[in-house]
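Undergrad: The numbering of the sequence shown is this note's numbering, which starts it at 406 and goes up by one. I am attaching a structure below and will ask some questions about it afterwards.
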Amino acid sequence: DPIRQRFPMSEQAAHSAMDEFVRDGLRRYEKERSRADLKGATSELSPHLRIGTLSPNQLYWRIEDSGLSNDMVKTFSRRLFWRELAYYQLLCFPEMRTRCIREHYENLEWVGDEEEKRRFQAWKWGQTGYPIVDAAMRELYKTGWMTQSLRMVVASFLVEYLRVNWTKGCEWFHYTLADADSAINAMMWQNAGKSGIDQWNFILSP
Numbered sequence: 406d407p408i409r410q411r412f413p414m415s416e417q418a419a420h421s422a423m424d425e426f427v428r429d430g431l432r433r434y435e436k437e438r439s440r441a442d443l444k445g446a447t448s449e450l451s452p453h454l455r456i457g458t459l460s461p462n463q464l465y466w467r468i469e470d471s472g473l474s475n476d477m478v479k480t481f482s483r484r485l486f487w488r489e490l491a492y493y494q495l496l497c498f499p500e501m502r503t504r505c506i507r508e509h510y511e512n513l514e515w516v517g518d519e520e521e522k523r524r525f526q527a528w529k530w531g532q533t534g535y536p537i538v539d540a541a542m543r544e545l546y547k548t549g550w551m552t553q554s555l556r557m558v559v560a561s562f563l564v565e566y567l568r569v570n571w572t573k574g575c576e577w578f579h580y581t582l583a584d585a586d587s588a589i590n591a592m593m594w595q596n597a598g599k600s601g602i603d604q605w606n607f608i609l610s611p
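Here it is, written out as structure tokens:
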């Protein structure tokens with residue numbers, strides 16, 4: 406199927422993908438990581454990190470040994486540390502997939518009932534009428550993948566424009582992502598919903 410074809414799960418495939426990214430993509434990552442239209446703009450290694458065919462330790466030292474300057478690798482390296490922050494948050498807040506870390510945000514008003522269902526269905530199946538949102542959501546369901554920048558766009562859209570509770574988006578991502586991770590996925594959605602430790606102070610326009 407498309408997901409298994411895109412992400413063959415073996416250590417050999419993981420190391421091959423890592424070597425290719427470090428050789429060809431890492432030097433472009435700092436400037437191109439937000440470009441969803443460019444192949445190789447991101448590493449697509451997160452499914453391997455999630456499954457365990459590649460360890461964060463291996464990837465970190467491969468980057469350190471790449472010979473590239475700090476300016477070229479700083480953001481990618483930092484995101485490896487963000488993974489550890491997500492796991493620490495899950496340790497401290499084991500219900501973070503379903504409950505707000507900042508408890509007073511549990512009282513935030515969201516759309517409800519039939520209108521919530523209508524908006525959420527349109528969002529998750531890529532039928533909102535906003536091309537970048539719809540393309541990203543269709544890609545997610547078909548391939549199990551979406552770049553980090555697009556994850557932020559569609560999360561912001563669901564929460565800020567559609568006013569659907571962030572937990573709905575969190576669970577759909579967890580169901581569909583090839584790299585679905587209870588800690589990392591929930592940390593992003595908590596921040597999108599303004600209830601996370603590093604809550605977003607911005608709205609991404611689609």
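Just so you know, even glycine gets a beta-carbon here, dropped at the ideal spot from N, CA and C. In this text the structure is predicted, and so the values were computed from the model without any measurement.
(1) M414 by DSSP, collapsed to three states: which one?
(2) If you reduce the DSSP assignment to three classes, tell me which class I602 lands in.
(3) Does the beta-carbon of F607 have 16 or more other beta-carbons within 10 angstroms, so that it is buried, or is it exposed?
(4) When burial is assigned at 16 or more other CB atoms within 10 Å of the CB, is K529 buried or exposed?
(5) For V558, which of helix, strand or coil comes out of DSSP?
(6) Can you find the residues in the same chain that come closer than 7 angstroms, C-beta to C-beta, to M501, ignoring five residues on each side of it along the sequence?
(7) Using C-beta distances below 6 angstroms, list every residue in its chain close to H453, excluding the 5 sequence neighbours before and after it, in chain order.
(8) What residue ranges within the region 421-490 form continuous alpha helix (DSSP H) runs of no fewer than 4 residues, ordered along the chain?
TA: Put simply:
(1) Locating residue 414 in the sequence shown gives position 9, where the first residue counts as 1. When DSSP states are grouped into helix, strand and coil, M414 belongs to the coil group.
(2) As a first step, residue 602 is located in the sequence shown; it is residue number 197 there, counting from the start. Coil, per DSSP.
(3) Looking up residue 607 in the sequence shown gives position 202. Residue environment: F607 is assigned as exposed (fewer than 16 neighbouring CB atoms within 10 Å of its CB, all protein chains considered).
(4) Sequence index remark: in the sequence shown, residue 529 carries index 124 (1-based). It counts as buried.
(5) Working through the sequence shown from its first residue, we reach residue 558 at position 153. When secondary structure is reduced to three states using DSSP, V558 falls in the helix class.
(6) Translated into the one-based positions of the sequence shown, residue 501 becomes position 96. Beyond the five residues adjoining it in sequence on each side, M501 comes within less than 7 angstroms, by CB distance, of Q494, L495, A591 and Q595 in the same chain, given in chain order.
(7) Translated into positions along the sequence shown, residue 453 becomes position 48. Contacts found: A419 and L459.
(8) Note on the region 421-490: whole alpha helix (DSSP H) runs with a minimum of 4 residues are 431-437, 451-456 and 461-469, in chain order.
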